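One structure is given here, and the rest of the page talks about it.
There are 2 protein chains.
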Amino acid sequence: MSKLRCHISISLDGFVAGPNQSEQNPLGEGGERLHDWVVPLAAWREGHGKQGGEVNESARIVEEVRENIGAAVMGRNMFGPIGGGAWGDEQWTGWWGDNPPYHYPVFVVTHHSRASVEMAGGTTYHFVTEGIESALEQAKEAAGGKDVMLWGGGQIAQQYLAAGLLDELELHIVPVLLGDGSRLFGNLGNTEVRLEQLRAVGAPGVTHLKYRVVT
Amino acid sequence: MSKLRCHISISLDGFVAGPNQSEQNPLGEGGERLHDWVVPLAAWREGHGKQGGEVNESARIVEEVRENIGAAVMGRNMFGPIGGGAWGDEQWTGWWGDNPPYHYPVFVVTHHSRASVEMAGGTTYHFVTEGIESALEQAKEAAGGKDVMLWGGGQIAQQYLAAGLLDELELHIVPVLLGDGSRLFGNLGNTEVRLEQLRAVGAPGVTHLKYRVVT
Numbered sequence: 007m008s009k010l011r012c013h014i015s016i017s018l019d020g021f022v023a024g025p026n027q028s029e030q031n032p033l034g035e036g037g038e039r040l041h042d043w044v045v046p047l048a049a050w051r052e053g054h055g056k057q058g059g060e061v062n063e064s065a066r067i068v069e070e071v072r073e074n075i076g077a078a079v080m081g082r083n084m085f086g087p088i089g090g091g092a093w094g095d096e097q098w099t100g101w102w103g104d105n106p107p108y109h110y111p112v113f114v115v116t117h118h119s120r121a122s123v124e125m126a127g128g129t130t131y132h133f134v135t136e137g138i139e140s141a142l143e144q145a146k147e148a149a150g151g152k153d154v155m156l157w158g159g160g161q162i163a164q165q166y167l168a169a170g171l172l173d174e175l176e177l178h179i180v181p182v183l184l185g186d187g188s189r190l191f192g193n194l195g196n197t198e199v200r201l202e203q204l205r206a207v208g209a210p211g212v213t214h215l216k217y218r219v220v221t
Numbered sequence: 007m008s009k010l011r012c013h014i015s016i017s018l019d020g021f022v023a024g025p026n027q028s029e030q031n032p033l034g035e036g037g038e039r040l041h042d043w044v045v046p047l048a049a050w051r052e053g054h055g056k057q058g059g060e061v062n063e064s065a066r067i068v069e070e071v072r073e074n075i076g077a078a079v080m081g082r083n084m085f086g087p088i089g090g091g092a093w094g095d096e097q098w099t100g101w102w103g104d105n106p107p108y109h110y111p112v113f114v115v116t117h118h119s120r121a122s123v124e125m126a127g128g129t130t131y132h133f134v135t136e137g138i139e140s141a142l143e144q145a146k147e148a149a150g151g152k153d154v155m156l157w158g159g160g161q162i163a164q165q166y167l168a169a170g171l172l173d174e175l176e177l178h179i180v181p182v183l184l185g186d187g188s189r190l191f192g193n194l195g196n197t198e199v200r201l202e203q204l205r206a207v208g209a210p211g212v213t214h215l216k217y218r219v220v221t
């Protein structure tokens with residue numbers, strides 16, 4: 007059965023982005039440190055068309071994350087500026103250039119309707135204004151039996167978690183204390199979310215913790 | 007050199023105790039779930055004078071925690087009711103009975119002075135009113151070259167962390183979302199705390215993450 011999977015880097019004190027996120031600094035103050043573990047990896051560089059890089063215990067995690075994915079869902083803050091204003095315009099096609107590293111349909115949840123945009127390499131951006139359930143439905147349909155990756159950011163990950171729609175959550179726990187910012191688990195309200203720990207892998211500068219969301 | 011070490015169970019959303027802590031419920035609502043991983047262990051039961059129990063990857067962690075400890079520091083909320091009022095009286099000698107599972111001097115940081123209390127099995131409770139630095143100094147002196155264990159709770163752990171006095175922090179990360187309660191990293195203010203990940207061990211219902219505090 008097609009699963010909705012999410013993996014996200016998180017500081018030891020629970021933040022998926024630092025304080026004062028802005029167009030200039032989408033990860034917030036100090037937030038770029040959340041990705042220090044992944045950027046030097048050969049497995050990550052290869053996915054972004056670069057050669058060389060480090061190989062360590064994180065390599066198979068990065069590879070696994072890419073396996074068996076047929077489509078993705080993404081929040082509008084992660085995609086970038088949609089709908090004009092300081093955050094951008096209709097010409098914006100994501101942070102990832104003309105040939106994005108997805109290579110499958112990506113459903114962006116937003117309040118602003120917009121025509122789909124076909125990129126090079128198999129990535130098509132679709133813009134969904136009917137909410138997270140509709141986005142997931144459309145993504146599962148497009149995935150053709152494979153899994154759907156929830157790429158984040160933190161807000162939409164929290165919404166899917168609270169709605170009981172997430173099947174698997176992998177956290178990359180980074181030994182950093184951001185002190186403030188956007189919490190992954192900060193706004194679940196009275197929702198009872200039960201997690202079952204599936205796996206823990208320690209690697210340089212990060213620990214990968216994989217959970218099944220029990221429904 | 008004698009180190010100050012701390013290990014503490016923490017929910018995946020960062021709480022070391024649930025909401026509404028009280029005399030009847032010192033761990034707060036849902037807080038007892040933080041210890042579900044340790045209570046069934048043979049290694050834990052043995053330390054508390056009980057036989058039998060489970061053996062898994064957590065066993066060596068529990069054993070390691072006990073190794074090379076010559077004294078301990080503890081907050082008054084962990085020790086229990088001190089100084090009268092609803093929280094207790096001068097007769098109180100901790101939650102752990104006549105033969106506590108420490109077997110070394112324990113320095114309780116409190117605002118209420120009180121004579122030391124010698125328990126069976128080598129545990130002596132000393133009450134320190136001169137603050138956390140003095141308690142650590144006295145504990146290191148008493149430890150005779152061995153390490154000092156900071157037993158918690160969360161508030162005093164945070165104080166030692168913010169003061170740059172903690173050398174090693176081991177978190178037992180439990181796949182539970184408490185939603186509210188006492189945060190370990192909630193009140194560090196502008197203190198820059200840098201951590202270096204030493205080890206990650208996955209075990210049933212918990213992941214053990216050990217960090218060196220870089221000063």
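In the order they appear, the protein sequences are chains A and B.
Quick note, in this note's numbering, the first sequence goes up one by one and the last residue is 221.
Quick note, in this note's numbering, the second sequence goes up one by one and the last residue is 221.
Positions of the beta carbon are idealized from the N, C-alpha and C atoms, including for glycine.
Values in this document were obtained by computation on a predicted structure and should not be read as measured data.
Going by beta carbon distance, what residues of the same chain come within less than 6 Å of residue i, once the five residues before and after it are set aside?
| i | result |
| --- | --- |
| A:Thr213 | Ile179 |
| B:Gly90 | For B:Gly90, the predicted structure reports a pLDDT of 49, less than 50, and the residue's modelled location is therefore unreliable. The matter cannot be settled from this model. |
| B:Gly53 | Pro107 |
| A:Gly159 | Gly81, Asn83 and Met84 |
| B:Arg51 | Gly59 |
| A:Ala126 | Asp104 and Asn105 |
Who are the near neighbours of residue i in its chain, counting only those whose CB is closer than 7 Å to its CB and skipping five residues on each side?
| i | result |
| --- | --- |
| B:Ala92 | A caution first: B:Ala92 carries a pLDDT of 40, below 50, which makes its placement in the model too unreliable to give a value. |
| B:His41 | Ser15 |
| B:Thr221 | Gly170 |
| A:Gly192 | none |
Would the beta-carbon of residue i fall within 8 Å of that of residue j?
| i | j | result |
| --- | --- | --- |
| A:Leu194 | A:Leu167 | yes |
| A:Ile16 | A:Leu190 | yes |
| A:Gly187 | B:Gly20 | no |
| B:Gly115 | B:Ile138 | Position check: residue 115 of chain B holds Val in this sequence, whereas Gly was assumed. Closer than 8 Å, so yes. |
| B:Ala77 | B:Ala121 | no |
| A:Ala23 | B:Gly208 | no |
| A:Asp173 | A:Val134 | no |
| B:Glu38 | B:Asn26 | no |
| B:Ala211 | B:Trp43 | Correcting the residue identity first, residue 211 of chain B is Gly in this sequence and not Ala. Yes, Cβ-Cβ distance for B:Gly211 and B:Trp43 is below 8 Å. |
| B:Leu270 | B:Leu156 | Residue 270 of chain B is absent from the structure shown; chain B starts at 7 and stops at 221. |
| B:Val71 | B:His13 | yes |
| B:Gly100 | B:Tyr131 | yes |
Kindly indicate the opening and closing residues of the beta strand (DSSP E) around residue i.
| i | result |
| --- | --- |
| B:Met84 | Careful: B:Met84 lies outside any beta strand (DSSP E), inside the alpha helix (DSSP H) at Arg82 to Phe85. |
| B:Gly127 | Element bounds for B:Gly127: n/a, residue is neither H nor E. |
| A:Val22 | Phe21 to Ala23 |
| B:Ala209 | Arg200 to Ala209 |
| A:Glu176 | Glu174 to Val180 |
| B:Lys216 | Val212 to Val220 |
| A:Ser28 | Neither: A:Ser28 is in no beta strand (DSSP E) and is coded neither H nor E. |
| B:His17 | Here residue 17 of chain B turns out to be Ser, not His, going by the sequence shown. Here the beta strand (DSSP E) through B:Ser17 covers Leu10 to Ser17. |
| A:Val61 | It is not in any beta strand (DSSP E) - A:Val61 carries neither H nor E in the DSSP assignment. |
| B:Phe113 | Pro111 to Val115 |
Following the continuous alpha helix (DSSP H) through residue i, name the residue where it begins and the one where it ends.
| i | result |
| --- | --- |
| A:Leu156 | Taken as a continuous stretch (DSSP letters only), A:Leu156 belongs to no alpha helix (DSSP H), being part of the beta strand (DSSP E) at Asp153 to Leu156. |
| A:Ala65 | Ser64 to Arg72 |
| A:Leu167 | Gly160 to Ala168 |
| B:Arg51 | Ala48 to Gly53 |
| A:Leu142 | Ile138 to Ala149 |
Which same chain residues, not among the five before or five after residue i, have their C-beta less than 8 Å away from its C-beta?
| i | result |
| --- | --- |
| B:Leu47 | Gly59, Glu60, Val61, Asn62, Ser64, Ala65 and Val68 |
| A:Tyr217 | Glu174, Leu175, Glu176, Leu177, Leu201, Glu202, Gln203 and Leu204 |
| B:Ser8 | Gly76, Lys146, Ala149, Gly151, Lys152, Asp153 and Val154 |
| B:Gly128 | Tyr108, His109 and Tyr110 |
| B:Leu18 | Ile179, Val180, Pro181, Val182 and Leu183 |
| A:Gln161 | Gly81, Asn83 and Ser188 |
| A:Ser119 | Phe133 and Thr135 |
Just to confirm, does residue i get its C-beta within under 7 Å of one of the non-hydrogen atoms of the ligand NAD?
| i | result |
| --- | --- |
| A:Phe85 | Summarising the ligand content, the structure contains no ligands, and the ligand NAD is consequently not present. |
Any contact between the region 102-110 of chain B and the region 178-193 of chain B? By contact I mean 3 or more CB pairs, one from each, below 8 Å.
Taking a cut-off of 8 Å on C-beta distances, the region 102-110 of chain B does not touch the region 178-193 of chain B, as fewer than three cross pairs fall below it.
Relative to chain B, which residues along the region 188-203 of chain A have a C-beta separation below 9 Å, given in chain order?
The residues in question are Arg189, Leu190, Phe191, Gly192, Leu194, Gly195, Asn196, Thr197, Glu198, Val199, Arg200, Leu201, Glu202 and Gln203.
Contacting positions in the region 50-74 of chain B - beta carbon closer than 9 Å to chain A:
Here the close residues number zero.
May I ask you to verify whether the region 144-152 of chain B touches the region 53-65 of chain B, counting CB pairs closer than 8 Å and requiring at least 3?
The answer is no - the region 53-65 of chain B does not touch the region 144-152 of chain B, with fewer than three Cβ pairs under 8 Å.
Chain B contacts made by the region 23-52 of chain A, where a contact means CB separation under 9 Å
Cβ contacts with chain B: none found.
Relative to chain B, which residues along the region 150-166 of chain A have a C-beta separation below 7 Å, given in chain order?
Cβ contacts with chain B: none found.
Could you list the residues in the region 208-221 of chain B with a C-beta less than 9 Å from some C-beta on chain C, going in chain order?
The chain inventory of the structure shown lacks chain C, comprising the protein chains A and B.
Relative to chain B, which residues along the region 171-188 of chain A have a C-beta separation below 9 Å, given in chain order?
Flagged, chain order: Leu177, Ile179, Val180, Pro181, Val182, Leu183 and Gly185.
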